[in-house]
Amino acid sequence: MVRRSLLILMLCLYQPGAWADQPSILILGDSLSASYGMSEAEGWVKKLQQNLPDAQIINASVSGETSGGGLRRLPGLLQQHQPDWVFVELGGNDGLRGFQPTITENNIEQLITLSKASGAQVLLSEVMVPPNYGRRYAERFQQIYHGLAKEHEVELVPFFMTEIATDPNLMQADGIHPNREAQGRIAAFLLPWFEQAIAE
């Protein structure tokens, strides 16, 4: 009777396809990935998870996060979650605060290096700054991501806000953050990149 009870308990605890056996992706981003202005369930990360049942997506994004802030948090996150992939979506707040591009570049490079050193692969999201910061600054900022992706041989994901940011119907009143309607579009845009990562 005791052995039978133990067997039943083990069967209840065992779940095929449990998180431990599934590829994991750590999202290291800012408010664009942190469901700013809405519940977490309404954000693109949760919607993406619904379309990737065979993967575990860990959202470690924080509103207002800079590349430097992400760099300070990353070692602990890597140790805690031991992800297979790290999706880096940082730098936007650096640009909005007018940081020197070299600072952002150095931080993003360290994010890539630390992730790889932990055994994780990297998906690097391109990030752009508004054109009012000047063409020269905007181009230099954009070059950060293209240059680092090439140098470190990581996948560069096009900025998911490129088309959304120009459509007022998809933006919140502040003109910076995507609204609820945009979340599904972001998830659909990113889905092929994440599917490819998982397939690898």
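Residue numbering for the sequence shown is -20 to -1, 1 to 180, as defined by mature numbering (1 follows the signal peptide of the UniProt record, and there is no 0).
Think of the CB as a built atom: it goes at the ideal place given N, C-alpha and C, for glycine as much as any other residue.
Straight-line CA distance for Ala167 to Leu28? For this step, residue 167 is matched to residue 187 along the sequence shown. For this step, residue 28 is matched to residue 48 along the sequence shown. Take the alpha-carbon of Ala167 and the one of Leu28: they are about 5 Å apart.
Excluding sequence positions up to five away, which residues of its chain have a Cβ less than 6 Å from the Cβ of His61? As a position in the sequence shown, residue 61 is number 81, starting the count at 1. So the qualifying residues of the chain are Leu6, Ile38.
Close Cβ partners of Gln163 (< 7 Å) along its chain, the five nearest in sequence each way excluded: What you label residue 163 is simply residue 183 of the sequence shown in a count that begins at 1. Hits under 7 Å: Glu22, Gly23, Trp24, Lys27.
Counterpart residues of Pro158 in DSSP-defined beta bridges: Mapped onto the sequence shown, residue 158 falls at position 178. The partner list for Pro158 (beta bridge, DSSP) reads Met151.
How far does the alpha helix (DSSP H) with Glu131 in it reach, from first residue to last? Here residue 131 refers to the residue found at position 151 of the sequence shown. Taken as a continuous stretch (DSSP letters only), the alpha helix (DSSP H) holding Glu131 covers 115 to 132.
Classify Gln36: buried if its beta carbon has 16 or more other beta carbons within 10 angstroms, exposed otherwise. Taking the first residue of the sequence shown as 1, we reach residue 36 at position 56. Buried, since its Cβ has 16 or more Cβ neighbours within 10 Å.
Three-state secondary structure (DSSP) of Ser19: Sequence index remark: in the sequence shown, residue 19 carries index 39 (1-based). Coil.
Roughly how many angstroms lie between the CA atoms of Ala118 and Phe169, to the nearest whole one? The residue labelled residue 118 in the question sits at position 138 within the sequence shown. The residue labelled residue 169 in the question sits at position 189 within the sequence shown. About 23 Å.
For a test of the three-state rule: what should DSSP assign to Leu136, helix, strand or coil? For the purposes of this step, residue 136 is taken as residue 156 along the sequence shown, with counting starting at 1. For Leu136, the secondary structure class from DSSP, reduced to helix, strand or coil, is strand.
Taking contact to mean 3 or more Cβ pairs, one atom from each stretch, closer than 8 Å, check whether the segment 9 to 18 and the segment 68 to 76 are in contact. yes
Supposed contact pair Gly17 and Gln176 - C-beta distance, whole angstroms, cut 8 Å: For the purposes of this step, residue 176 is identified with residue 196 of the sequence shown, where counting begins at 1. For the purposes of this step, residue 17 is identified with residue 37 of the sequence shown, where counting begins at 1. The C-beta distance from Gln176 to Gly17 rounds to 30 Å, too long to fall under 8 Å, and the pair is not in contact.
Residue closest to Glu133, alpha-carbon to alpha-carbon, out of Ile92, Asn73, Glu143, Ala14: As a working mapping, residue 133 is identified with position 153 in the sequence shown. Among Ile92, Asn73, Glu143, Ala14, the Cα nearest to that of Glu133 belongs to Ile92.
Is the CB-CB distance between Leu54 and Glu85 below 8 Å? As a working mapping, residue 54 is identified with position 74 in the sequence shown. As a working mapping, residue 85 is identified with position 105 in the sequence shown. No, the Cβ-Cβ distance between Leu54 and Glu85 is not below 8 Å.
At what residues does the alpha helix (DSSP H) containing Ser95 begin and finish? As a working mapping, residue 95 is identified with position 115 in the sequence shown. Residues 81 to 97.
In chain order, what residues of the same chain lie with their CB nearer than 7 Å to the CB of Gln2, ignoring the 5 residues before and after it? The residue given as residue 2 occupies position 22 in the sequence shown. Counting only Cβ-Cβ distances below 7 Å, and skipping sequence neighbours, we find Asp34, Ala35, Gln36.
Anticipated Cβ contact below 8 Å, Tyr125 with Glu143, distance rounded: Translated into positions along the sequence shown, residue 125 becomes position 145. Translated into positions along the sequence shown, residue 143 becomes position 163. In fact, because the Cβ distance is near 18 Å, the residues do not count as touching under 8 Å.
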